[in-house]
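Below: the structure, in structure tokens.
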Ligand SMILES: [Fe+2]
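Protein chains in written order, with my numbering: chain A, 1 to 176; chain B, 1001 to 1415.
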């Protein structure tokens, strides 16, 4: 393998940057939703304190790491898994698949059906994470796009949807 | 035809099927350069005299080095460990798994330990944790239902820690499966009916859920046709060799289909009823299958409709207007359950209220339905279901399936 020439990342790094930014915002939005939304809070309540999960792109990132601290508060813990104990890692097989997902060309549902996700850890918690991602997507995205991302667009009350959306955007921007 | 933009399909199990194929076991072992197999089975299989049938068919041409017959109805980590020890002590070099789903899972678990020289099975749980081929494993199914002889999954429970571990790897596919009609001839009518409906649920869910693809479709359709032709026949007449072989092939076909395309809410709820109330898997599948199709109708009714052809044949299919075909399929499955109920003297339950254990006690008390709905939220198979279900949806479906009334379509929430 001596003559093997490493191919420069080129366009790949652009894709990676885009996905990294989306994951960063998503991570902060999940933290916000855990504080604002009842259903998201309930999903987190089912996870043990100290539980950490990640959404990762194989083979080497980016990552989105979310943790529940010992007092039960949910925190976005950045993009670097180094030195963190991750209990559940949901891995997207490659950057192309991640791009399809984060440009909403392919729903989470279809991505799963097409075997683009590998779950490393407890399946029960993975189911909860999928539901949390769905909730956050409904908050963040306009209906026309969110409908592509989730299986069933929920019939939320005006209050939950619009007040919640505002709160989550504000909190995500300020990292609250 | 629905054509996914991307799919994967893999089945590299050699299938040897017929009325007298157990005799092929020595040659099959030789091909795999195995000489000292260990038989893994359970007491029920031994009690039915099936181990003798296999041993006679092998006829001293292979040195059966060990026979382990203490696999429980529910695979168990402790047993897997102790049988792995036995395998090593006796110097075995391969495995013959003779039985239903639990035996297959146990044999796969043993194989991981002895091949990887591991002490801790847990290290290999999850998806694709295995990196190389295991010892030769030949599967010999004694029910026509689970399809585990051709699937890449093993589920093993740690009863002490209350953990259910799933192992998924192409290396868990058996090297070969020997599907002999003699092995299911003695299966009692109620078990025949239930396991057969499990196979049907594999075919139907593989065909109608999200990970379907043209290759798994072909297997699912063929399985559906064979089950429609043979299940009632063999339940009424257990000695029907042709019918038994048809059902055995159907179960294998359906196993290949769902091993590649996965299953949906029928299995999500079925696993939950099984773990909360201990109802046998096949019985759950028979009851829940029509409800899964009803619930998903607005998403995949056009696919359900296509199943009328293999289920009822060309004349009925042609005579039924397109928009009525999906409902006709659901009605047919309900009628199958009714006929199986009558053929088994009422032992084949049509709804959960009717499911009784050996002592005639109700297995699913109504007050357990909320627990079942809660448990279903933790089952991964839901991700392949066309429509979403939350706690309220699961409970709504369970209430209908408990009483045995069709779903109230007005209660199905569409996004
Ligand atoms: Fe099944």
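For every residue, glycine included, the Cβ atom is placed at its ideal position computed from N, Cα and C.
Beta-carbon to beta-carbon, residue 1147 of chain B and residue 1258 of chain B are separated by about 7 Å, close enough to satisfy the 8 Å threshold. Annotation for residue 1041 of chain B: no beta strand (DSSP E) segment contains it, and DSSP assigns it neither H nor E.
With a threshold of 8 Å, the Cβ atom of residue 1270 of chain B counts as near ligand 1, since some heavy atom of the ligand is closer than that. Sequence-distant Cβ neighbours of residue 1260 of chain B in its own chain, meaning closer than 6 Å and more than five residues away, are 1009 and 1216. Membership of residue 1409 of chain B in any alpha helix (DSSP H) is not indicated, and neither H nor E is assigned to it by DSSP. Rounded to whole angstroms, the Cβ separation of residue 1136 of chain B and residue 1102 of chain B is 21 Å, and the two are not in contact under 8 Å. With 16 or more other CB atoms across the displayed protein chains lying within 10 angstroms of its CB, residue 1386 of chain B is buried. Interface flag for residue 154 of chain A against chain B is set, since a Cβ pair is found closer than 9 Å.
Neighbours of residue 123 of chain A in chain B, taken as residues whose beta carbon is under 8 Å from its own, are 1166, 1378, 1379 and 1380 in chain order.
Counting only runs of at least 3 residues, the region 1172 to 1223 of chain B fully encloses the following beta strand (DSSP E) elements, listed from N- to C-terminal order: 1176 to 1180.
Linking residue 1043 of chain B to residue 100 of chain A through their CA atoms gives a straight-line distance of about 51 Å.
Within its own chain, the residues whose Cβ lies closer than 8 Å to the Cβ of residue 1011 of chain B, once the five positions on either side in sequence are excluded, are 1150, 1173, 1256, 1259 and 1260, listed in chain order. Against chain B, the CB of residue 15 of chain A has no partner CB under 9 Å away; the residue lies outside that interface.
Annotation: Cβ neighbours of residue 109 of chain A in chain B (cutoff 8 Å, chain order): 1210 and 1383.
Where residue 101 of chain A is concerned, there is no enclosing beta strand (DSSP E), although the alpha helix (DSSP H) around it starts and stops at 95 to 102. Exclusion of the five residues before and after residue 1411 of chain B leaves 1396 as the residues of its chain whose Cβ lies within less than 6 Å of its Cβ. Distances between the C-beta of residue 49 of chain A and the heavy atoms of ligand 1 are all 8 Å or more. With the criterion set as a beta carbon lying under 8 Å from some beta carbon of chain A, the members of the region 1396 to 1415 of chain B are 1413, 1414 and 1415, in sequence order.
Look at residue 1126 of chain B: its C-beta is under 9 Å from a C-beta on chain A. Judged by DSSP in its simplified three-state form, residue 1141 of chain B adopts strand. From the beta-carbon of residue 1295 of chain B, no residue of chain A is found nearer than 9 Å; the closest lies around 12 Å away.
Nearest in C-alpha terms to residue 1337 of chain B, of all of B:1287, B:1213 and B:1167, is B:1287. Neighbourhood of residue 115 of chain A in chain B, by CB distance below 7 Å: 1008, in chain order. By the rule that beta-carbons nearer than 9 Å mark a contact, residue 1160 of chain B does not touch chain A. Within 8 Å of the C-beta of residue 1261 of chain B there is not a single heavy atom belonging to ligand 1. By a beta-carbon distance limit of 8 Å, residue 1356 of chain B contacts residue 1363 of chain B. Their separation comes to about 6 Å. Residue nearest to residue 58 of chain A within the set A:83, A:37, A:47 and A:98 is A:98 (criterion: CA-CA distance). Assigned with DSSP and collapsed to three states, residue 44 of chain A falls in helix. Ligand 1 approaches residue 1285 of chain B closely enough that one of its heavy atoms is under 8 Å from the residue's Cβ. Closer than 8 Å to some heavy atom of ligand 1: that describes the Cβ of residue 1146 of chain B. Within the region 1224 to 1249 of chain B, no residue has its Cβ closer than 7 Å to any Cβ of chain A. Contacts with chain B at 9 Å (Cβ-Cβ) include residue 126 of chain A. With fewer than 16 other Cβ atoms inside 10 Å of its own Cβ, residue 1033 of chain B counts as exposed.
Contact residues of the region 37 to 54 of chain A toward chain B are absent (C-beta to C-beta distance below 8 Å). For residue 1297 of chain B, the enclosing alpha helix (DSSP H) stretches over residues 1281 to 1306.
Residues of the same chain with a CB within less than 7 Å of the CB of residue 1240 of chain B, apart from the 5 flanking positions on each side, are 1233 and 1234 in chain order.
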